[in-house]
Structures are given as C-alpha cells and as structure tokens.
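Residue numbers (the numbering used here): 222 to 346. All C-beta atoms, glycine included, are put in the ideal place defined by N, C-alpha and C.
Printed below as a string of structure tokens:
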C-alpha cells in the first residue's frame, strides 16, 4: 500500500541533505503510522528499496547484507534490500525476506518487484 520512506504519503519528508548522504526521516513516526494502519485492519509491506538500513554499500555490492529488523520500520511483510540498484542487475533482482533470506528473482527488475508484491496483496485482501 505505502512504499518505503521515499513515498511522501509515508512519514518521511523526502528531503535529503549533503547531496543525499543523509535522509531526513523519523523511523519512530513511520512505525507509529504502520501501527495505526494495522489497528485499522491494513496489512503493511515494504517491497523493493528501503535506503534507511544503514547497510554499508560498495559499487555493485552483490553480497549486501539484509536490513536489520530494527531498521525496517515495522513492516509486517518484507521483501526488500537497502539499495536494490546495488544488489541487482536489470534482469536479476536480489532482495531479502522477513527471515533475512536472500530471494533471487530472474526477471526485469520492475516486473520482479511487482511479482514480489503479489503475494502480500493476494494474502491480505
């Protein structure tokens, strides 16, 4: 339903400082929003990019670690990486699930992310 912090309707203001080195974002406020949505009967999920996990990245870091659970904002369903563009190529998308298991999807990245979202939508109508 809501994307990660890059979606303005989420709690982050979307602004960056220092050329993108730091993101202005309140993780506690994100968690409060997710708790309120769950109280209203919504399931919450994060699919794709997160960019707030604090994972140290190098160029094309194919071995990127999963985002630590305490840095995920409280989403119930998780299929994401801190920086998908560093873990993936155009036709090879690598994400991590709720259990920190690496999930490899061999489709064009946007199609792979859509395929990854389908179970969360199907299971939570």
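Drop a sphere of 10 angstroms on the beta-carbon of residue i, count the other beta-carbons inside from all chains shown, and report buried for 16 or more, exposed for fewer.
i           : result
residue 301 : buried
residue 273 : buried
residue 259 : exposed
residue 343 : exposed
Please go through the same chain and pick out, in chain order, the residues whose beta-carbon is closer than 8 angstroms to the beta-carbon of residue i, but skip the five residues on each side of it.
i           : result
residue 328 : 312, 314, 336
residue 242 : At residue 242, the pLDDT of 49 sits below 50, so the modelled position is not reliable; the number obtained from the coordinates is stated separately. Nothing meets the Cβ criterion.
On the three-state DSSP scale, how would you describe residue i?
i           : result
residue 242 : With a pLDDT of 49 at residue 242, under the threshold of 50, the modelled position of that residue is not reliable, and the figure given next carries that caveat. Note: residue 242 maps to coil in three-state DSSP.
residue 324 : strand
residue 273 : coil
residue 286 : coil
residue 265 : coil
residue 302 : strand
Any Cβ of chain C within less than 8 angstroms of the Cβ of residue i?
i           : result
residue 273 : Checking the listed chains, one finds no chain C in this structure; it contains a single protein chain.
For residue i, which option in the options has the closest C-alpha, if you only look at C-alpha atoms?
i           : options            : result
residue 249 : 291, 261, 266      : 291
residue 323 : 257, 305, 252, 263 : 305
Beta-carbon within less than 6 angstroms of residue i's beta-carbon, same chain only, minus the 5 sequence neighbours each way: which residues are those?
i           : result
residue 334 : 268, 269
residue 341 : 266, 298
residue 255 : 265, 295
residue 326 : 314, 333
residue 319 : 299
residue 261 : none
residue 338 : 268
Return the chain-ordered list of same chain residues with a C-beta closer than 7 angstroms to the C-beta of residue i, the five sequence neighbours on each side being excluded.
i           : result
residue 287 : 317, 321
residue 252 : 294, 295
Report yes if the C-beta distance between residue i and residue j is below 8 angstroms; otherwise report no.
i           : j           : result
residue 271 : residue 303 : yes
residue 309 : residue 293 : no
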